[in-house]
Amino acid sequence: MTRTELLGKHFTCICGREHEVPTRAIVIAKDAIERVAEICQRYELTDSCNLIADEVTYEVCGRAVENHLRANGYRVHSVVLQLPVKADDATCAQLLSHANCNLNFWIAVGSGTINDLTKYASTQLTQRYVAVATAPSMNGYTSAIAALTVCGLKKTLPANPPIAVIADLNVLCNAPYELIAAGLGDVMSKPVSNADWQLAHIIRGEHLCTVSLKLLHELEPLYFNNATALAQRAPEAIANLMEALCYSGISMTIAGSSSPASGGEHLIGHTLDMRAPIVGRALNLHGAQVGVATIFCATLYERLLQLDVAQVDVERLVQRYVPLDEWMPKLRTFFGHTARVVFDELAVKYPKSPSEYRDELMRIVSKWDEIRHAIASVYRTPYEIREALKRACAPTTAAELGISNEEFRETVLYAHTMRRRYTVLDVAYELGILPDELDDLLMRSGVIV
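Taken in order, the sequence shown gives residues 827 to 1275; the numbers are from my numbering.
Spelled out as C-alpha coordinates, the structure:
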(Lines of atoms letter the chains of each structure in order from A and count residues from 1; the text may use other names and numbers.)
(Lines give C-alpha, C1' and ligand atoms only; values in the text may rest on other atoms or scores of the structure.)
Protein backbone atom coordinates (compact mmCIF):
# COMPACT_ATOMS: atom_id res chain seq x y z
CA MET A 1 0.00 0.00 0.00
CA THR A 2 1.23 3.51 -0.82
CA ARG A 3 0.81 6.14 1.86
CA THR A 4 -2.19 7.71 0.12
CA GLU A 5 -3.82 4.27 -0.07
CA LEU A 6 -3.70 4.09 3.74
CA LEU A 7 -6.27 6.88 4.04
CA GLY A 8 -9.61 5.63 5.34
CA LYS A 9 -8.40 2.03 5.46
CA HIS A 10 -8.95 -0.72 8.01
CA PHE A 11 -6.45 -3.55 7.53
CA THR A 12 -4.78 -6.54 9.12
CA CYS A 13 -1.09 -5.70 9.46
CA ILE A 14 1.98 -7.91 9.19
CA CYS A 15 2.71 -6.83 12.77
CA GLY A 16 -0.24 -8.97 13.85
CA ARG A 17 -2.64 -6.18 14.75
CA GLU A 18 -5.66 -4.58 13.14
CA HIS A 19 -5.10 -0.96 12.09
CA GLU A 20 -7.53 1.75 11.11
CA VAL A 21 -6.81 5.16 9.60
CA PRO A 22 -9.91 7.31 10.19
CA THR A 23 -8.53 10.26 8.19
CA ARG A 24 -9.93 9.88 4.68
CA ALA A 25 -8.49 12.89 2.87
CA ILE A 26 -5.39 15.08 3.05
CA VAL A 27 -5.70 18.05 0.70
CA ILE A 28 -2.62 20.28 0.37
CA ALA A 29 -3.09 22.76 -2.47
CA LYS A 30 -3.52 26.38 -3.41
CA ASP A 31 -7.07 27.62 -2.79
CA ALA A 32 -7.89 24.46 -0.82
CA ILE A 33 -10.20 26.50 1.43
CA GLU A 34 -12.63 26.70 -1.48
CA ARG A 35 -13.01 22.91 -1.29
CA VAL A 36 -14.01 22.69 2.39
CA ALA A 37 -17.75 22.34 1.73
CA GLU A 38 -17.19 19.83 -1.08
CA ILE A 39 -15.01 17.65 1.17
CA CYS A 40 -17.45 17.87 4.07
CA GLN A 41 -20.29 16.78 1.79
CA ARG A 42 -18.21 13.94 0.35
CA TYR A 43 -17.85 12.43 3.81
CA GLU A 44 -21.44 13.13 4.90
CA LEU A 45 -20.61 15.98 7.25
CA THR A 46 -23.86 17.83 6.74
CA ASP A 47 -26.00 20.74 7.83
CA SER A 48 -24.22 22.34 10.81
CA CYS A 49 -20.89 22.65 12.59
CA ASN A 50 -18.90 24.31 15.35
CA LEU A 51 -15.96 26.24 13.90
CA ILE A 52 -13.11 26.68 16.39
CA ALA A 53 -10.35 29.26 15.92
CA ASP A 54 -8.37 31.80 17.88
CA GLU A 55 -8.30 35.54 17.29
CA VAL A 56 -5.46 35.25 14.78
CA THR A 57 -6.47 32.12 12.86
CA TYR A 58 -10.04 33.38 12.53
CA GLU A 59 -8.78 36.45 10.69
CA VAL A 60 -6.22 34.43 8.68
CA CYS A 61 -8.82 32.09 7.17
CA GLY A 62 -11.47 31.20 9.76
CA ARG A 63 -13.84 33.94 8.61
CA ALA A 64 -13.33 32.84 5.00
CA VAL A 65 -14.13 29.21 5.89
CA GLU A 66 -17.21 30.34 7.83
CA ASN A 67 -18.50 32.44 4.91
CA HIS A 68 -17.72 29.65 2.43
CA LEU A 69 -19.67 27.09 4.46
CA ARG A 70 -22.64 29.41 4.92
CA ALA A 71 -22.69 30.12 1.19
CA ASN A 72 -22.98 26.35 0.71
CA GLY A 73 -25.95 25.99 3.05
CA TYR A 74 -24.22 25.15 6.33
CA ARG A 75 -25.21 26.55 9.71
CA VAL A 76 -21.98 27.60 11.45
CA HIS A 77 -21.46 28.40 15.12
CA SER A 78 -18.03 29.99 15.50
CA VAL A 79 -16.10 29.94 18.78
CA VAL A 80 -13.16 32.34 18.63
CA LEU A 81 -10.82 31.83 21.59
CA GLN A 82 -8.96 34.80 23.00
CA LEU A 83 -5.18 34.78 23.01
CA PRO A 84 -3.15 33.35 24.59
CA VAL A 85 -4.82 29.98 24.11
CA LYS A 86 -3.55 27.10 26.22
CA ALA A 87 -3.91 23.43 25.32
CA ASP A 88 -5.11 22.35 28.75
CA ASP A 89 -8.09 20.83 30.53
CA ALA A 90 -9.48 24.21 31.63
CA THR A 91 -9.51 25.62 28.09
CA CYS A 92 -11.12 22.44 26.77
CA ALA A 93 -13.90 22.77 29.35
CA GLN A 94 -14.35 26.42 28.34
CA LEU A 95 -14.53 25.42 24.68
CA LEU A 96 -17.22 22.83 25.36
CA SER A 97 -19.25 25.37 27.34
CA HIS A 98 -19.23 27.85 24.43
CA ALA A 99 -19.83 25.34 21.64
CA ASN A 100 -23.24 24.24 20.43
CA CYS A 101 -23.23 20.54 21.23
CA ASN A 102 -26.32 19.90 19.09
CA LEU A 103 -24.55 20.60 15.81
CA ASN A 104 -23.31 17.78 13.59
CA PHE A 105 -19.54 18.17 13.34
CA TRP A 106 -16.58 20.42 14.15
CA ILE A 107 -13.99 22.34 12.15
CA ALA A 108 -10.65 23.34 13.68
CA VAL A 109 -9.05 26.36 12.02
CA GLY A 110 -5.53 26.66 13.36
CA SER A 111 -2.48 24.55 14.09
CA GLY A 112 -1.27 22.71 17.21
CA THR A 113 -3.28 24.13 20.11
CA ILE A 114 -6.55 24.65 18.24
CA ASN A 115 -6.30 21.20 16.66
CA ASP A 116 -5.65 19.45 19.99
CA LEU A 117 -8.51 21.26 21.73
CA THR A 118 -10.99 20.60 18.92
CA LYS A 119 -9.91 17.01 18.53
CA TYR A 120 -10.39 16.28 22.22
CA ALA A 121 -13.65 18.26 22.58
CA SER A 122 -15.27 16.62 19.54
CA THR A 123 -14.19 13.20 20.80
CA GLN A 124 -15.92 13.86 24.13
CA LEU A 125 -19.16 14.35 22.19
CA THR A 126 -18.48 11.44 19.79
CA GLN A 127 -18.66 13.85 16.86
CA ARG A 128 -16.41 14.03 13.82
CA TYR A 129 -14.22 16.94 12.82
CA VAL A 130 -12.20 18.44 9.98
CA ALA A 131 -8.85 20.19 10.44
CA VAL A 132 -8.18 23.32 8.38
CA ALA A 133 -4.47 23.89 8.90
CA THR A 134 -3.01 27.38 9.16
CA ALA A 135 0.66 26.36 9.51
CA PRO A 136 2.88 23.30 8.88
CA SER A 137 4.00 23.49 12.50
CA MET A 138 3.50 20.04 14.05
CA ASN A 139 2.71 16.39 13.28
CA GLY A 140 -0.40 16.06 15.43
CA TYR A 141 -3.02 16.95 12.84
CA THR A 142 -3.78 13.33 11.90
CA SER A 143 -2.76 11.52 15.09
CA ALA A 144 -5.17 9.66 17.37
CA ILE A 145 -4.03 11.66 20.38
CA ALA A 146 -4.46 15.17 21.75
CA ALA A 147 -1.56 16.75 23.62
CA LEU A 148 -3.08 18.54 26.61
CA THR A 149 -1.83 19.68 29.99
CA VAL A 150 -4.00 18.07 32.67
CA CYS A 151 -3.51 19.12 36.29
CA GLY A 152 -0.15 20.59 35.29
CA LEU A 153 1.19 17.44 33.57
CA LYS A 154 1.65 17.34 29.80
CA LYS A 155 -0.27 14.29 28.57
CA THR A 156 -1.17 12.62 25.30
CA LEU A 157 -4.83 11.63 25.53
CA PRO A 158 -6.72 9.30 23.16
CA ALA A 159 -8.78 11.30 20.66
CA ASN A 160 -10.30 10.75 17.24
CA PRO A 161 -8.31 11.96 14.21
CA PRO A 162 -9.98 14.33 11.74
CA ILE A 163 -11.96 12.96 8.84
CA ALA A 164 -9.99 15.31 6.59
CA VAL A 165 -7.07 17.73 6.75
CA ILE A 166 -7.33 20.72 4.44
CA ALA A 167 -4.21 22.84 4.02
CA ASP A 168 -4.33 25.86 1.72
CA LEU A 169 -0.84 26.64 0.45
CA ASN A 170 -1.75 30.32 0.17
CA VAL A 171 -2.20 30.26 3.95
CA LEU A 172 0.69 27.92 4.81
CA CYS A 173 3.27 29.82 2.78
CA ASN A 174 2.36 33.04 4.58
CA ALA A 175 2.40 31.57 8.09
CA PRO A 176 4.86 33.10 10.58
CA TYR A 177 8.19 31.55 9.66
CA GLU A 178 8.89 30.37 13.20
CA LEU A 179 5.85 28.07 12.84
CA ILE A 180 7.22 26.60 9.60
CA ALA A 181 10.63 26.07 11.23
CA ALA A 182 8.90 24.45 14.22
CA GLY A 183 7.24 21.94 11.88
CA LEU A 184 10.64 20.90 10.60
CA GLY A 185 11.89 20.58 14.19
CA ASP A 186 8.95 18.35 15.10
CA VAL A 187 9.30 15.95 12.17
CA MET A 188 13.11 15.98 12.46
CA SER A 189 12.75 13.89 15.63
CA LYS A 190 12.17 10.76 13.51
CA PRO A 191 15.70 9.25 13.78
CA VAL A 192 15.60 9.49 17.59
CA SER A 193 11.97 8.52 18.14
CA ASN A 194 12.29 5.53 15.80
CA ALA A 195 15.40 4.34 17.62
CA ASP A 196 13.67 4.83 20.98
CA TRP A 197 10.71 2.74 19.84
CA GLN A 198 13.04 -0.06 18.81
CA LEU A 199 14.88 0.14 22.16
CA ALA A 200 11.56 -0.21 23.97
CA HIS A 201 10.70 -3.19 21.75
CA ILE A 202 14.02 -5.01 22.23
CA ILE A 203 14.55 -4.28 25.94
CA ARG A 204 11.01 -3.98 27.28
CA GLY A 205 8.97 -5.99 24.77
CA GLU A 206 6.84 -3.08 23.54
CA HIS A 207 4.86 -3.80 20.39
CA LEU A 208 6.57 -2.58 17.21
CA CYS A 209 4.91 -2.07 13.83
CA THR A 210 7.28 -2.16 10.87
CA VAL A 211 4.63 -0.65 8.56
CA SER A 212 4.63 2.46 10.72
CA LEU A 213 8.44 2.54 10.74
CA LYS A 214 8.59 2.10 6.95
CA LEU A 215 6.12 4.94 6.44
CA LEU A 216 8.24 7.31 8.52
CA HIS A 217 11.39 6.28 6.65
CA GLU A 218 9.74 7.01 3.29
CA LEU A 219 8.80 10.51 4.47
CA GLU A 220 12.36 11.56 5.34
CA PRO A 221 13.34 12.94 1.89
CA LEU A 222 10.28 15.22 1.91
CA TYR A 223 11.79 17.40 4.62
CA PHE A 224 15.47 16.52 5.04
CA ASN A 225 16.30 17.48 1.46
CA ASN A 226 14.23 20.68 1.44
CA ALA A 227 15.48 22.62 4.46
CA THR A 228 16.99 25.48 2.45
CA ALA A 229 13.87 25.82 0.29
CA LEU A 230 11.74 26.05 3.44
CA ALA A 231 13.66 29.14 4.50
CA GLN A 232 12.76 30.63 1.11
CA ARG A 233 9.07 29.74 1.66
CA ALA A 234 9.08 27.70 -1.55
CA PRO A 235 5.52 26.33 -1.99
CA GLU A 236 6.70 22.84 -3.00
CA ALA A 237 8.96 22.57 0.06
CA ILE A 238 6.18 23.73 2.38
CA ALA A 239 3.74 21.30 0.76
CA ASN A 240 6.26 18.48 1.23
CA LEU A 241 6.75 19.41 4.89
CA MET A 242 3.00 19.47 5.47
CA GLU A 243 2.63 16.08 3.81
CA ALA A 244 5.41 14.64 5.98
CA LEU A 245 3.78 16.05 9.11
CA CYS A 246 0.37 14.62 8.23
CA TYR A 247 1.68 11.14 7.45
CA SER A 248 3.90 11.22 10.53
CA GLY A 249 0.66 11.65 12.48
CA ILE A 250 -0.84 8.71 10.61
CA SER A 251 2.15 6.57 11.60
CA MET A 252 1.14 7.24 15.22
CA THR A 253 -2.49 6.39 14.50
CA ILE A 254 -1.42 3.09 12.94
CA ALA A 255 0.81 2.27 15.91
CA GLY A 256 -1.89 3.13 18.42
CA SER A 257 0.51 5.42 20.29
CA SER A 258 2.81 8.38 19.71
CA SER A 259 5.90 6.14 19.97
CA PRO A 260 6.86 6.24 16.25
CA ALA A 261 7.30 10.02 16.26
CA SER A 262 7.80 10.93 19.91
CA GLY A 263 10.71 9.75 22.05
CA GLY A 264 13.18 11.19 24.50
CA GLU A 265 13.43 14.41 22.50
CA HIS A 266 9.71 15.04 23.05
CA LEU A 267 10.04 14.31 26.77
CA ILE A 268 12.67 17.06 26.95
CA GLY A 269 10.33 19.40 25.08
CA HIS A 270 7.36 18.58 27.32
CA THR A 271 9.48 19.03 30.44
CA LEU A 272 10.59 22.46 29.23
CA ASP A 273 6.89 23.33 28.86
CA MET A 274 6.14 22.18 32.40
CA ARG A 275 9.05 24.16 33.80
CA ALA A 276 8.24 27.41 32.00
CA PRO A 277 5.68 28.71 34.54
CA ILE A 278 7.88 27.58 37.44
CA VAL A 279 10.89 29.59 36.26
CA GLY A 280 8.80 32.45 34.86
CA ARG A 281 9.74 31.84 31.24
CA ALA A 282 7.50 32.22 28.18
CA LEU A 283 6.49 29.01 26.41
CA ASN A 284 8.33 28.14 23.21
CA LEU A 285 6.91 26.53 20.12
CA HIS A 286 6.76 22.76 20.61
CA GLY A 287 8.64 21.91 17.41
CA ALA A 288 11.40 24.43 18.08
CA GLN A 289 12.16 22.74 21.40
CA VAL A 290 11.91 19.27 19.89
CA GLY A 291 14.43 20.17 17.17
CA VAL A 292 17.05 21.27 19.72
CA ALA A 293 16.32 18.26 21.94
CA THR A 294 16.70 15.95 18.93
CA ILE A 295 20.26 17.20 18.41
CA PHE A 296 21.07 16.30 22.02
CA CYS A 297 19.42 12.87 21.87
CA ALA A 298 21.24 12.10 18.61
CA THR A 299 24.46 12.89 20.48
CA LEU A 300 23.37 10.44 23.17
CA TYR A 301 22.85 7.79 20.49
CA GLU A 302 26.27 8.61 19.05
CA ARG A 303 27.69 7.80 22.50
CA LEU A 304 25.77 4.51 22.68
CA LEU A 305 27.08 3.44 19.28
CA GLN A 306 30.61 4.01 20.60
CA LEU A 307 29.97 1.98 23.76
CA ASP A 308 32.11 -1.12 24.34
CA VAL A 309 29.53 -3.31 26.02
CA ALA A 310 32.28 -5.64 27.29
CA GLN A 311 33.38 -2.78 29.55
CA VAL A 312 29.95 -2.39 31.18
CA ASP A 313 30.40 -3.34 34.86
CA VAL A 314 26.94 -4.57 35.78
CA GLU A 315 27.68 -5.13 39.48
CA ARG A 316 29.21 -1.67 39.89
CA LEU A 317 26.11 -0.13 38.34
CA VAL A 318 23.81 -2.20 40.56
CA GLN A 319 25.66 -0.90 43.62
CA ARG A 320 24.68 2.62 42.52
CA TYR A 321 20.98 1.73 42.30
CA VAL A 322 18.75 4.56 43.54
CA PRO A 323 15.50 3.34 45.14
CA LEU A 324 12.38 4.76 43.52
CA ASP A 325 11.26 6.58 46.68
CA GLU A 326 14.45 8.64 46.70
CA TRP A 327 13.31 10.36 43.51
CA MET A 328 10.31 11.97 45.18
CA PRO A 329 12.11 14.85 47.00
CA LYS A 330 14.01 15.67 43.80
CA LEU A 331 10.80 15.68 41.76
CA ARG A 332 9.11 18.01 44.25
CA THR A 333 11.97 20.47 43.91
CA PHE A 334 12.02 20.30 40.12
CA PHE A 335 8.34 19.88 39.15
CA GLY A 336 6.60 21.51 42.10
CA HIS A 337 2.92 20.60 42.56
CA THR A 338 2.92 18.09 39.68
CA ALA A 339 5.61 15.94 41.33
CA ARG A 340 3.18 13.23 42.51
CA VAL A 341 1.73 12.75 39.03
CA VAL A 342 5.24 12.61 37.55
CA PHE A 343 6.32 10.11 40.22
CA ASP A 344 3.41 7.84 39.29
CA GLU A 345 4.51 7.91 35.64
CA LEU A 346 8.12 7.11 36.55
CA ALA A 347 7.03 4.27 38.84
CA VAL A 348 5.48 2.38 35.93
CA LYS A 349 8.84 1.82 34.21
CA TYR A 350 11.40 2.15 37.00
CA PRO A 351 13.22 -1.03 38.18
CA LYS A 352 11.68 -1.81 41.57
CA SER A 353 14.77 -3.39 43.14
CA PRO A 354 18.51 -3.90 42.60
CA SER A 355 17.69 -7.39 41.37
CA GLU A 356 15.25 -6.09 38.77
CA TYR A 357 17.80 -3.46 37.72
CA ARG A 358 20.47 -6.18 37.34
CA ASP A 359 18.13 -8.22 35.14
CA GLU A 360 17.52 -5.18 32.94
CA LEU A 361 21.24 -4.50 32.57
CA MET A 362 21.93 -8.12 31.70
CA ARG A 363 19.19 -7.95 29.08
CA ILE A 364 20.76 -4.82 27.56
CA VAL A 365 24.23 -6.40 27.50
CA SER A 366 23.03 -9.68 26.03
CA LYS A 367 21.05 -7.94 23.28
CA TRP A 368 23.61 -5.23 22.53
CA ASP A 369 24.35 -6.36 18.96
CA GLU A 370 20.63 -6.28 18.15
CA ILE A 371 20.32 -2.87 19.81
CA ARG A 372 23.27 -1.44 17.87
CA HIS A 373 21.86 -2.74 14.59
CA ALA A 374 18.44 -1.23 15.33
CA ILE A 375 19.95 2.16 16.19
CA ALA A 376 22.18 2.17 13.11
CA SER A 377 19.24 1.38 10.82
CA VAL A 378 17.57 4.74 11.54
CA TYR A 379 20.47 6.83 12.87
CA ARG A 380 21.27 10.37 11.75
CA THR A 381 24.28 12.11 13.25
CA PRO A 382 23.81 15.20 15.42
CA TYR A 383 25.78 17.08 12.76
CA GLU A 384 23.30 16.11 10.00
CA ILE A 385 20.32 17.12 12.12
CA ARG A 386 21.91 20.38 13.27
CA GLU A 387 22.90 21.39 9.74
CA ALA A 388 19.43 20.66 8.33
CA LEU A 389 17.85 22.82 11.03
CA LYS A 390 20.41 25.56 10.40
CA ARG A 391 19.67 25.53 6.66
CA ALA A 392 16.04 26.14 7.54
CA CYS A 393 17.00 28.93 9.99
CA ALA A 394 15.49 26.88 12.84
CA PRO A 395 16.86 27.00 16.42
CA THR A 396 19.74 24.64 17.21
CA THR A 397 20.75 25.86 20.69
CA ALA A 398 19.10 26.37 24.06
CA ALA A 399 20.06 30.05 23.91
CA GLU A 400 18.05 30.51 20.70
CA LEU A 401 15.04 29.22 22.65
CA GLY A 402 15.66 31.73 25.43
CA ILE A 403 16.66 28.90 27.78
CA SER A 404 19.77 29.06 29.93
CA ASN A 405 22.41 26.34 29.80
CA GLU A 406 21.63 25.37 33.40
CA GLU A 407 17.89 25.07 32.78
CA PHE A 408 18.44 22.87 29.73
CA ARG A 409 20.92 20.75 31.68
CA GLU A 410 18.46 20.23 34.54
CA THR A 411 15.68 19.45 32.10
CA VAL A 412 17.71 16.64 30.52
CA LEU A 413 18.35 15.21 34.00
CA TYR A 414 14.63 14.98 34.80
CA ALA A 415 12.91 14.57 31.43
CA HIS A 416 12.91 10.76 31.60
CA THR A 417 10.78 10.88 34.76
CA MET A 418 7.76 12.70 33.33
CA ARG A 419 6.33 9.85 31.28
CA ARG A 420 6.27 6.07 31.46
CA ARG A 421 7.66 5.83 27.91
CA TYR A 422 11.01 4.01 27.76
CA THR A 423 13.57 5.99 25.73
CA VAL A 424 17.28 6.55 25.20
CA LEU A 425 17.21 8.76 28.31
CA ASP A 426 16.31 5.71 30.43
CA VAL A 427 18.97 3.54 28.80
CA ALA A 428 21.58 6.25 29.38
CA TYR A 429 20.64 6.41 33.06
CA GLU A 430 20.73 2.64 33.42
CA LEU A 431 24.20 2.46 31.87
CA GLY A 432 25.53 5.34 34.00
CA ILE A 433 26.09 7.59 30.99
CA LEU A 434 23.61 9.96 32.61
CA PRO A 435 24.22 11.84 34.75
CA ASP A 436 27.99 11.08 34.70
CA GLU A 437 28.74 12.29 31.16
CA LEU A 438 25.99 14.90 30.79
CA ASP A 439 28.18 18.00 30.68
CA ASP A 440 30.47 16.49 28.06
CA LEU A 441 27.50 15.33 25.96
CA LEU A 442 25.87 18.77 26.11
CA MET A 443 29.07 20.41 24.89
CA ARG A 444 29.55 17.81 22.14
CA SER A 445 25.99 18.29 20.96
CA GLY A 446 26.44 22.03 20.60
CA VAL A 447 23.02 22.76 22.11
CA ILE A 448 24.74 24.75 24.85
CA VAL A 449 27.52 27.18 24.02
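Heads up, the beta-carbon is just placed ideally off N, CA and C, and yes, glycines get one too. All of these numbers come straight from a predicted model, not from anything done at the bench.
Just to confirm before moving on: does the CB-CB distance between residue i and residue j stay below 8 Å?
i, j, result
"K1016", "A985", "no"
"L1071", "P1177", "no"
"D914", "L974", "yes"
"V1105", "L979", "no"
"Y1127", "I1201", "yes"
"T960", "V886", "yes"
"K1175", "Y1240", "no"
"V1118", "A1214", "no"
"V906", "A934", "no"
"L1041", "R829", "yes"
"L895", "V853", "no"
"M964", "G1162", "no"
"S1192", "S1088", "no"
"R1129", "I1259", "yes"
"W932", "Y900", "no"
"A897", "C918", "no"
"A1057", "A1218", "yes"
"A851", "I840", "no"
"I859", "D994", "yes"
"R1198", "L1131", "yes"
Quick one: is residue i buried, meaning 16 or more other Cβ sit within 10 Å of its Cβ, or exposed?
i, result
"N1052", "buried"
"E1091", "buried"
"A972", "buried"
"A916", "exposed"
"P1002", "exposed"
"N1066", "buried"
"H824", "Here the chain has residues from 827 to 1275 only, and residue 824 is not among them."
"A1108", "exposed"
"S937", "buried"
"S1179", "exposed"
"I989", "buried"
"M1244", "buried"
Going by DSSP in three states, residue i sits in which element: helix, strand or coil?
i, result
"A1021", "helix"
"C918", "helix"
"N893", "helix"
"V847", "coil"
"C1072", "helix"
"G1082", "coil"
"C999", "coil"
"V1118", "helix"
"I933", "strand"
"V1138", "coil"
"L1251", "helix"
Give me, in chain order, the residues of the same chain whose beta-carbon lies closer than 6 Å to that of residue i; leave out the 5 immediate sequence neighbours on both sides.
i, result
"R1059", "C999"
"S1291", "The structure shown does not extend to residue 1291, since the chain spans only 827 to 1275, so no value can be given for it."
List the residues that DSSP assigns as beta-bridge partners of residue i.
i, result
"I992", "V853, V958"
"F837", "H845"
"D880", "L907"
"Y902", "Reading off the sequence, residue 902 comes out as Val, not Tyr. Its beta-bridge partners are C875."
"I971", "P984"
Within a Cβ cutoff of 7 Å, which residues of the same chain sit near residue i, ignoring the five residues on either side of it in sequence?
i, result
"V1116", "G1011, D1012, S1015, E1091, H1092, G1095"
"S969", "P987, G1075, M1078, T1079, S1084"
"N926", "N876, H903"
Please list, in chain order, all residues of the same chain as residue i whose beta carbon is under 8 Å from its beta carbon, the five residues on each side excluded.
i, result
"R1321", "Past the edges of the chain, shown from 827 to 1275, lies residue 1321, and the structure says nothing about it."
"A1055", "E1062, A1063"
"I1274", "T1223, A1224, A1225, N1231, F1234, R1235, L1268"
Flag residue i as yes if its beta-carbon sits less than 8 Å from any beta-carbon of chain C, otherwise no.
i, result
"I859", "Annotation note: the requested chain C is absent from the structure, which comprises a single protein chain."
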